[in-house]
């Protein structure tokens, strides 16, 4: 178990990282605006589950093996960008296809999977876990793997609560957008966010 000092620093760093606007925050808010608080909660759960997956990858050393293969970063980056652009295209097609009829909201499960893939297909998310978690491990305080899993699980839990609250707030603000007459605008706004995230992944998320 990490000592009290490391744990306190970890909690402070985690909260600071969460409140800084980033792709996960944009992802949760866009789904909350488009699908209500359930959409935001599903996205938050998906992101937190991906955090747990990456935590276990780091603990088991899989993350290091994956990222040591030179093309892995580029494949994940391009794959993630293509996935986000596909989501944007699907959103753009909806207004034309469903004009004049009641629009069916995305299922909880599909948004949950989107949340997981959004994080898992961002190579710098895995690099972040590989760099961030070990800083707060206390040598001589038990198994390093256990400490990494504990810290990663704690981060996933904090992120889940933060993003769930953010989703509820965004959903309240987005009620007007979800009215049938404004639905095309909501879909275009969602598509714009997904496209912007894809552009960010291609243009700025390069290996350093």
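Numbering (the numbering used here), first residue to last: 49 to 256. Don't be surprised by glycine CBs; every beta carbon is placed ideally from N, CA and C. No experiment lies behind these values; they were computed from the predicted model shown.
{"Check": "Are the beta-carbon atoms of residue 218 and residue 63 separated by less than 8 angstroms?", "Outcome": "no"}
{"Check": "Helix, strand or coil for residue 293? Go by DSSP, reduced to three states.", "Outcome": "This structure cannot settle anything about residue 293, because the visible part of the chain is limited to 49 through 256."}
{"Check": "Does any C-beta atom of chain B lie closer than 8 angstroms to the C-beta of residue 179?", "Outcome": "Absent here is chain B; the protein component of the structure consists of one chain."}
{"Check": "Taking residue 82 as part of the alpha helix (DSSP H), name the residues at either end of that continuous run.", "Outcome": "71–83"}
{"Check": "Around the C-beta of residue 241, are 16 or more other C-beta atoms found within 10 angstroms, so that it is buried, or is it exposed?", "Outcome": "buried"}
{"Check": "Can you round the beta-carbon distance between residue 75 and residue 166 to whole angstroms, since I take them to be within the 8 angstroms contact cut?", "Outcome": "5 angstroms"}
{"Check": "Can you list, in chain order, the residues of its chain whose CB lies under 8 angstroms from that of residue 99, leaving out five sequence neighbours each side?", "Outcome": "167, 177, 200, 203, 204 and 207"}
{"Check": "In its own chain, which residues sit with a C-beta less than 6 angstroms from the C-beta of residue 71, not counting the 5 before and 5 after it?", "Outcome": "245"}
{"Check": "What are the boundary residues of the alpha helix (DSSP H) that includes residue 216?", "Outcome": "192–221"}
{"Check": "Taking a contact to mean a Cβ-Cβ separation below 8 angstroms, would you say residue 133 touches residue 243 in this structure?", "Outcome": "yes"}
{"Check": "Thinking just about the alpha-carbon of each residue, which of 85, 55 and 68 is nearest to the one in residue 213?", "Outcome": "85"}
{"Check": "Let's see if you can read the secondary structure: which residues bound the alpha helix (DSSP H) around residue 166?", "Outcome": "156–168"}
{"Check": "Select from 88, 119 and 102 the residue whose C-alpha is nearest the C-alpha of residue 210.", "Outcome": "88"}
{"Check": "Which residues bound the alpha helix (DSSP H) around residue 176?", "Outcome": "171–180"}
{"Check": "Between the Cα of residue 107 and those of 248, 198, 247 and 220, spot the shortest distance and give me the residue it belongs to.", "Outcome": "198"}
{"Check": "Could you tell me which of 185, 236, 155 and 251 sits nearest to residue 55, measuring between CA atoms?", "Outcome": "185"}
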